[in-house]
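Numbering (my numbering), first residue to last: 27 to 327.
Reviewing the structure listed below.
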């Protein structure tokens, strides 16, 4: 999991390298490199001094109330400073790294199965809002196929399917009068709804083994043109899994009857996705999704 979080940190923050260091017991100021992406493999497991890390930026990694190390990003000759929203994202990744450490240490003492916690979260969504629950099942099924068509490996496919299934759990915190409002939302209501990816990531991140999935949930409303939320990431800095969930979420929403709109047929929904390919949606994801839903035997809208 630490390797996976390092890979995500490197990509979403746009650096050549990312690495996680943990404090060496009894040696203040000294750390052990525990995981990394884009770094010399020989660095992993090596003791390093804080002054020699050479990070452009870092976020503390805290397990419980104890500071345990840092998540660092940088690169050869890298000089840029992180913008405030980028530093916020780095800190969130540091928090997820801390969650991974806590989960690992806890599960070393008591063997557990995250499936029960996933099922509990899904059941809570089903009990609260059956329509959103059914929508999430459809998005997960569609996203899994799109991920396969895009050639994702098995670990990535698991992240895609789980993040698609759980992408809307943050809506559990929304007032019912906002969630079920039949007409357009007010500006204040839209701002409230836009908190659901961060809320969902917080819930998912508490489940052992789903720390990377939590990041994908957090970023599923980012857009290639940088106009998404909550961090305004663009293009390749958005995880592929988040890009897949975004397009599949929109497609399934467009092809379902809503209180305020009639459903689109497959052709019209695909045309809408293609019209926004490159701005709101990843073009490769749109192409793979379009090929799937237009193919014989595809799941009906």
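Even for Gly, the Cβ is constructed at its ideal location relative to N, Cα and C.
Owing to the predicted nature of the structure, the values given are computational and were not obtained by experimental measurement.
- Nearest C-alpha to residue 214 among 305, 247, 200 and 127: 200.
- The three-state secondary structure of residue 123, taken from DSSP, is helix.
- Around the C-beta of residue 91, fewer than 16 other C-beta atoms lie within 10 Å, and the residue is accordingly described as exposed.
- When the beta-carbon positions are compared, residue 271 and residue 169 come within less than 7 Å of each other.
- Judged by beta-carbon spacing, residue 87 lies within the 7 Å limit of residue 123, meaning their Cβ atoms are closer than that value.
- Of the candidates 74, 157 and 185, the residue whose Cα lies closest to the Cα of residue 45 is 74.
- Residue 47 is not a Cβ neighbour of residue 81, given a cutoff of 7 Å.
- When secondary structure is reduced to three states using DSSP, residue 92 falls in the strand class.
- Along the length of the stretch 157-216, whole alpha helix (DSSP H) runs at least 4 residues long occupy 180-192 and 202-205, reported in chain order.
- DSSP, reduced to helix, strand and coil, places residue 46 within a strand of the structure shown.
- For residue 56, the enclosing beta strand (DSSP E) starts and ends at 56-63.
- Residue 72 counts as exposed, since fewer than 16 other beta carbons sit within 10 angstroms of its beta carbon.
- Assignment of residue 140 by DSSP, reduced to helix, strand and coil, places it in the helix class.
- For residue 268, the enclosing alpha helix (DSSP H) starts and ends at 266-280.
- In chain order, 220 and 247 place their CB closer than 6 Å to the CB of residue 255, counting only its own chain and leaving out the 5 sequence neighbours on each side.
- Going by DSSP, residue 310 is part of the alpha helix (DSSP H) stretching over 309-320.
- According to the DSSP secondary-structure assignment, residue 154 is paired through a beta bridge with no residue.
- Residue 227 is positioned such that its CB atom lies no closer than 7 Å to that of residue 216.
- Beyond the five residues adjoining it in sequence on each side, residue 112 comes within less than 7 Å, by CB distance, of 39 in the same chain, given in chain order.
- Straight across, the Cα-Cα distance linking residue 288 with residue 188 is about 29 Å.
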